[in-house]
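Notes follow once the structure below has been shown.
2 protein chains.
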Amino acid sequence: MTIKEIAKLAGVSQATVSKIINNYDDVGAKTKERVLGIMEEHGYRPSYAAQSLVKKVTKVVGVIYAGKINANFNHPFFVDVMSMFKKTMGAEGYDLLFFSNEKFHKNNENYLARCQHYNVDGCIIIGGDEVEPSVYELDQSEIPCIGIDLPLSGKHSGYIMTDNAKISALAVEHFYLLGERNIAFIGGKKTSNISTERLHGFKEVMKTYGLPVKEDWIKHGDFFEESGFIAMNELLEQEECPEAVFAASDLMAMGAVRAIKESGRKIEDFAVIGCDDITASRYIDPPLTTVKQDKDKIGKMAAYVLKDMINNQIEQTSVRVEPELIIRESCSEKKRQLR
Amino acid sequence: MTIKEIAKLAGVSQATVSKIINNYDDVGAKTKERVLGIMEEHGYRPSYAAQSLVKKVTKVVGVIYAGKINANFNHPFFVDVMSMFKKTMGAEGYDLLFFSNEKFHKNNENYLARCQHYNVDGCIIIGGDEVEPSVYELDQSEIPCIGIDLPLSGKHSGYIMTDNAKISALAVEHFYLLGERNIAFIGGKKTSNISTERLHGFKEVMKTYGLPVKEDWIKHGDFFEESGFIAMNELLEQEECPEAVFAASDLMAMGAVRAIKESGRKIEDFAVIGCDDITASRYIDPPLTTVKQDKDKIGKMAAYVLKDMINNQIEQTSVRVEPELIIRESCSEKKRQLR
DNA sequence: CTGAAAGCGCTTACAG
DNA sequence: CTGAAAGCGCTTACAG
C-alpha cells in the first residue's frame, strides 16, 4: 500500500494525502476526514525509507554499547537503565535501533557513519571500559548523544551518571559510623572511568575521616563476580587483613563474600558493601548492603534529556544522579553487635 | 557524502559506483580499486533509506516483546537469550530494531504494518502472556518470524523453546529419587503457554511415578518473586503441607524460599526446585537447585534459523531445546541426609 | 566494461 | 483549498 494508491482511492493527489499525513492545516475538513478514513481502513503507514529520505526526522534512536568490556546487553545494571529508557522513549514515539552488525566496517568501528547511514534522530551510548575513539567522533558531531556512565562533551551531547564520589562517601561514612577502621577497596579495571571516580572519592572521604588509605588494600577487578573473589583472596592473604570491604559493584562484593566463606572464616567478622543494588543482592547470604544507583531515574532522565536535545529544547545537559545507601545484613548495626 | 559525490571524485558514473557497492563483477579492476579507495577514504556508506527504498533487503531485524506481561526488556531469562541472539545476528551482519514506539498506532497494535514500515528482513518475537492477535497476523505474513517461547505456525515462521514437559520430568524425577512424595507445583498465570505446558508435564510425570496430584497443591503466580512468596504461604497454611515444591521460575522459587524462612520453619525441611537458572539462583541461600534452560543455545538457534529463513534456505523450522538439571543445595542428596 | 535514465515512495515549495 | 513536478540517494535493466 503506497501513498499513490491511497490518493487514487480517495480521488485526490498524492500531495494532499501527504499533507494530511503531516498535519498541514491547509486541507479541507471533509477531504481530510475522508482520506483519514481510507488510510485507517487499509492500515496504511508511510514507508520509513521514503520518509527518511526526504525528511530529517526518523523517530528512531540508536543504541550503542561502547567499549570493549563491561557494557554487555545483559549487564545487570545497564539492562535496567535501558529498560526504563526504552519505555520512556517508546511513550514519546520512538523506536530503538541497537547497533550489533559487526560487518558494518571491515576494520575499525565508525559510529558516526552508522548513525548517518540509518539517519537516526539521536543516540544513547552505554559506556564500558576502553571506549573506541570513534565514540568521541560521534560525540562531537551534529547528532544528539546521551552517554550513560560516559562523560560526553560535544555541543549536542550530554551524559547521565550517578555521582560516583558520593557513592564512596556513603559507603565510607556507613563503615565509619559502625566503627570500622580497616577498610579495603575493590574497584574495576584501572582504565575504567567509573572505577577511577569511585576510587578517587574513596580516598578523599577516607582522608576526611582521618582513616588510613593503604595501597595494599586497593585492588582492581573487572566488575564481575570472579574478579571480586580473586581480589578478596589477595586481601585475606595479607598479614594485616582488612575487616571492611567496599566493592565497586555488587557482583564483586558477592565474589568477596564467597572468598571469605570459602577461606573458612566467619562472614560475620567482615563488613561488606557493594554497589548498584542489582536484583540478586537482596537474595544472597547475607543480604548485601549496597549503594543503590537509581536506575529508573537514570534511564528516564536519559530519555527526556535526549528527546529535548533532539527537539532543540536544550543543549549540553548533564546530570549527576544521587545514590542511596541500602542497608542489609552484610554491613549493619545489628550485625556489629554480634561481634 | 552521497554516491553522486563519490562518482564525481572518481570520475565515473553513479551506476558504476553502485555496481561496486553491490559487488557486480562487470566492473574494471582498476576502476573498482580506485573507487573503493575513495569510498574508504571518505568513510562513505550508502544511505539506508535510499537503499531500502529500492532493494528488498535491509539487514535489519525487528524485535518484538509481545503480550501484556512477563516479557519485559529486562526479564532475567529473555535478556540472556536476546544477548546471544544479538551477538549472533551481529556477526551475520544484522542490526536490531526494538519496537518500543507506543504511538505507532493510536488504538490497537499492528506489528505487520510496523514491519512493513521499516521494511525489516525478519522478526524475533518474545512471547509473554496474553499475546495480541496482531502477532499472529505477522506470523501468517510473508515476513520471516521466529518465536521465543511462542509457538508460531506461519509458512515463514518458526519457534525455539525449551522442551517444557522435559523440564517438569527432570524436576519430578529428582524429587522422586530423593524420596520426596508430597510435591507441589507453582506455575505462572493460567493464560501462560509455558506454564500450561509445564503443569501438563508435571501431572503426566507424577502419574508415571504413581505420585498423587493434589489440586490444592497446584498454585498459579506470575513468574515473579512476590507471587512465589504468596503461593508458598498458601501452601504452608494448608493442613497437609507439601515438603517439596517445584516452581516454574527461579524467581518464584526464591519467593517460596523466603516464605518458608519467614514462616519460621527450617528451610532444611523443604526441597525446592526452580526453573531457568538465572544468575541470582547461584548466590541465594540456599543455592537453588533448578532446571536450566540453555539460553545461549536458544538465542543462537533463533539467530541461525531466522537467518536461514530470511535467505530462503529453510522454512517452517521449530526446535525444542533440551533442559538440564542443575543440582544445588535447595534440593540435593546431601541435604536429604541432614533431615 | 561503462553510463544515461527510470523508478522506489515519499515531501515540499510553488502555482493556481 | 488542491495538485503538478522536482528531488531525496540509491539500484537496475538496457543500450552502447
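Chains as they are written, first to last, in the numbering used here: chain A, 1 to 339; chain B, 340 to 678.
Every residue, glycine too, gets a C-beta built ideally from N, C-alpha and C.
So, at 8 Å on beta carbons, what are the nonlocal neighbours of residue i in its own chain, with the 5 sequence-adjacent residues on each side left out?
{"i": "V470 (chain B)", "result": "A405, G406, L489"}
{"i": "E109 (chain A)", "result": "E132, S134"}
Note down, in chain order, each residue of its chain lying with its Cβ closer than 7 Å to the Cβ of residue i, except the 5 sequence neighbours on either side.
{"i": "L96 (chain A)", "result": "V61, V63, K86, M89"}
{"i": "N119 (chain A)", "result": "S52, T58"}
{"i": "I3 (chain A)", "result": "Q14, V17, S18, P46"}
Closer than 6 Å by C-beta to residue i: which residues in its own chain qualify, once you throw out the five before and the five after it? Chain order, please.
{"i": "P76 (chain A)", "result": "I278"}
{"i": "F609 (chain B)", "result": "E582, I599"}
{"i": "T162 (chain A)", "result": "Q293, V321, P323"}
{"i": "L590 (chain B)", "result": "F563, E564"}
DSSP three-state label for residue i, please.
{"i": "L152 (chain A)", "result": "coil"}
{"i": "C241 (chain A)", "result": "coil"}
{"i": "I167 (chain A)", "result": "helix"}
{"i": "K631 (chain B)", "result": "strand"}
{"i": "N437 (chain B)", "result": "Just to set this straight, residue 437 (chain B) is Phe in the shown sequence, not Asn. Reduced to three states, the DSSP call for F437 (chain B) is strand."}
{"i": "G201 (chain A)", "result": "helix"}
{"i": "L517 (chain B)", "result": "coil"}
{"i": "E323 (chain B)", "result": "The question about residue 323 (chain B) has no answer, for chain B in this structure spans 340 to 678."}
{"i": "K394 (chain B)", "result": "coil"}
{"i": "A598 (chain B)", "result": "helix"}
{"i": "Y404 (chain B)", "result": "strand"}
{"i": "T162 (chain A)", "result": "strand"}
{"i": "V27 (chain A)", "result": "coil"}
{"i": "A184 (chain A)", "result": "strand"}
Just tell me which of the options has its CA closest to the CA of residue i.
{"i": "M254 (chain A)", "options": "B:G518, B:A619, B:K636", "result": "B:A619"}
{"i": "F229 (chain A)", "options": "A:A256, A:E237, A:V213", "result": "A:A256"}
{"i": "K189 (chain A)", "options": "A:A231, A:I160, A:A165", "result": "A:A231"}
{"i": "V611 (chain B)", "options": "B:E448, B:Q479, B:F514", "result": "B:F514"}
{"i": "E204 (chain A)", "options": "A:S227, A:T191, A:E40, A:V172", "result": "A:V172"}
{"i": "M378 (chain B)", "options": "B:G350, B:I499, B:T629", "result": "B:G350"}
{"i": "I522 (chain B)", "options": "B:R537, B:E431, B:M545, B:F437", "result": "B:M545"}
{"i": "L550 (chain B)", "options": "B:G526, B:Y433, B:S352, B:R520", "result": "B:R520"}
{"i": "G299 (chain A)", "options": "A:Y111, A:F202, A:Q316, A:F78", "result": "A:F78"}
{"i": "Q221 (chain A)", "options": "A:S47, A:N311, A:A248, A:D26", "result": "Sequence check: residue 221 (chain A) is Gly here, not Gln. Cα-wise, what sits closest to G221 (chain A) is A:A248."}
{"i": "L538 (chain B)", "options": "B:A508, B:K347, B:E601", "result": "B:A508"}
{"i": "A665 (chain B)", "options": "B:Q652, B:E579, B:R621", "result": "Going by the sequence as given, residue 665 (chain B) is Ile instead of Ala. The residue with the shortest Cα to Cα distance from I665 (chain B) is B:R621."}
{"i": "G493 (chain B)", "options": "B:E672, B:S671, B:Q655", "result": "B:Q655"}
{"i": "G93 (chain A)", "options": "B:E448, B:S439, B:E672", "result": "B:S439"}
{"i": "S227 (chain A)", "options": "A:E237, A:R258, A:E197", "result": "A:R258"}
So, are the CB atoms of residue i and residue j less than 8 Å apart?
{"i": "I506 (chain B)", "j": "H495 (chain B)", "result": "no"}
{"i": "H42 (chain A)", "j": "R384 (chain B)", "result": "no"}
{"i": "D80 (chain A)", "j": "N411 (chain B)", "result": "no"}
{"i": "K214 (chain A)", "j": "L235 (chain A)", "result": "no"}
{"i": "V374 (chain B)", "j": "V356 (chain B)", "result": "yes"}
{"i": "F185 (chain A)", "j": "W217 (chain A)", "result": "yes"}
{"i": "C275 (chain A)", "j": "T290 (chain A)", "result": "yes"}
{"i": "I194 (chain A)", "j": "N233 (chain A)", "result": "no"}
{"i": "I20 (chain A)", "j": "K32 (chain A)", "result": "yes"}
{"i": "D468 (chain B)", "j": "S422 (chain B)", "result": "no"}
{"i": "L645 (chain B)", "j": "I485 (chain B)", "result": "yes"}
{"i": "C304 (chain B)", "j": "L477 (chain B)", "result": "Outside the displayed span of chain B (340 to 678) sits residue 304 (chain B), for which this structure offers no information."}
{"i": "I463 (chain B)", "j": "V474 (chain B)", "result": "no"}
{"i": "Y111 (chain A)", "j": "S318 (chain A)", "result": "no"}
{"i": "G127 (chain A)", "j": "M309 (chain A)", "result": "no"}
{"i": "E441 (chain B)", "j": "A50 (chain A)", "result": "no"}
{"i": "F443 (chain B)", "j": "F98 (chain A)", "result": "no"}
{"i": "I623 (chain B)", "j": "I284 (chain A)", "result": "yes"}
List, in order along the chain, the chain B residues whose C-beta lies closer than 7 Å to that of residue i?
{"i": "A49 (chain A)", "result": "A388, S391, L392, N458"}
{"i": "S83 (chain A)", "result": "N411, F412, N413"}
Against residue i, what residues of chain B qualify as contacts under a CB-to-CB distance less than 9 Å, listed in chain order?
{"i": "R45 (chain A)", "result": "F443, H444, N449, A452, R453, Q455, H456"}
Which chain A residues sit within Cβ distance under 7 Å of residue i?
{"i": "K639 (chain B)", "result": "The contacting residues do not exist; K639 (chain B) stays about 14 Å from chain A at best."}
{"i": "I464 (chain B)", "result": "Residues of chain A passing the Cβ test: none, with the nearest at roughly 15 Å."}
{"i": "A619 (chain B)", "result": "T279, A280, Y283"}
{"i": "M593 (chain B)", "result": "Y283"}
{"i": "K425 (chain B)", "result": "F73, F98, S100"}
Mind pulling the chain A residues with CB within less than 8 Å of residue i?
{"i": "L435 (chain B)", "result": "L97, F98, S100"}
{"i": "G429 (chain B)", "result": "S100, N101, E102"}
{"i": "V418 (chain B)", "result": "F73, N74, V79"}
Does the beta-carbon of residue i, which I'm using as the reference point, lie nearer than 7 Å to any heavy atom of the ligand PLP?
{"i": "Q632 (chain B)", "result": "Annotation note on the ligand PLP: not contained in the displayed structure, which lists no ligands."}
Identify the contact partners of residue i in chain A, using a Cβ-Cβ distance below 9 Å as the criterion.
{"i": "G432 (chain B)", "result": "N101, E102, K103, F104"}
At 8 Å on the CB atoms, spell out the chain B contacts of residue i, in chain order.
{"i": "K59 (chain A)", "result": "N440"}
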